[in-house]
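Engineer: Quick one: the structure is below, questions incoming.
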Amino acid sequence: MTTTHPTPDLFALSEIRGPVLRPGDEGYAEEVTGFNLSALRTPDVVVAATGADDVVNALRWASATGTPVAAQATGHGANFPVDHGLLISTARMRAVEVDPGRRTATVAAGAKWGDVLAAAAPHGLATLNGTSTDAGATGY
């Protein structure tokens, strides 16, 4: 028997700048598929956040509607399935700011190690990333 879970009205998500996707929408499959293909993700709605405001608006909507939430950047940390609810994808949030004087970097939630390395290298700085520059920096 298949159980369907109704998704609350998405009108409240209309202020989100990034795509808001539901199953069957173009780009949905690509947005929910992570690096770990054994952790299937089938949320009722995906917010492809472009900035902190999108994340805040998505969380407010989820709180108001009682919708469970999961987050994903590159999908390298996707070790469990997501059935139903809201998935917030931060893959579009890839900004990196390097402060060479302090030898620090501030990275957005979807930044990959390659992004951080590219911003740090001109200052003679490097990172302690793993073997893949395609992995997300924030989840490392």
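The end of the sequence shown is residue 238 by the numbering used here, with every number in the run present. All C-beta atoms, glycine included, are put in the ideal place defined by N, C-alpha and C. Predicted model only: the values in this text are computed from it and were never measured.
1. Please identify the residue among Val196, Thr165 and Ala146 whose C-alpha is closest to the C-alpha of threonine 172.
2. Could you give the DSSP three-state label for alanine 207: helix, strand or coil?
3. Would you mind giving the Cβ-Cβ distance between leucine 119 and valine 144, rounded to the nearest angstrom? I have them listed as a contact below 8 angstroms.
4. Using the three-state DSSP reduction, which class does threonine 101 fall into: helix, strand or coil?
5. In three-state DSSP terms, what is alanine 219?
6. Rounded to whole angstroms, what is the Cα-Cα separation between leucine 135 and aspartate 197?
7. To the nearest angstrom, how far is it from the Cα of aspartate 142 to the Cα of histidine 221?
8. Please list the terminal residues of the continuous beta strand (DSSP E) segment that includes alanine 168.
9. Could you name the residues that DSSP lists as bridge partners for alanine 146?
10. Less than 8 angstroms separating the beta-carbons of threonine 131 and aspartate 181?
11. Reducing DSSP to helix, strand and coil, say where aspartate 232 ends up.
Structural biologist: So, from the data block:
1. Comparing Cα-Cα distances from threonine 172 to each of Val196, Thr165 and Ala146, the minimum goes to Ala146.
2. The answer is coil: DSSP assigns alanine 207 none of H, G, I, E or B.
3. Valine 144 and leucine 119 do touch by the CB rule: their CB atoms are close to 4 angstroms apart, below 8 angstroms.
4. Note on threonine 101: pLDDT 47, under 50, position unreliable in the model; no value is reported.
5. Helix at alanine 219.
6. Their backbone Cα atoms lie some 36 angstroms apart in a straight line.
7. CA-CA distance, aspartate 142 to histidine 221, rounds to 43 angstroms.
8. Element bounds for alanine 168: 167 to 170.
9. DSSP lists Ser187 as partners of alanine 146.
10. Taking 8 angstroms as the Cβ cut-off, threonine 131 and aspartate 181 do not qualify as a contacting pair.
11. Here aspartate 232 sits in coil by DSSP.
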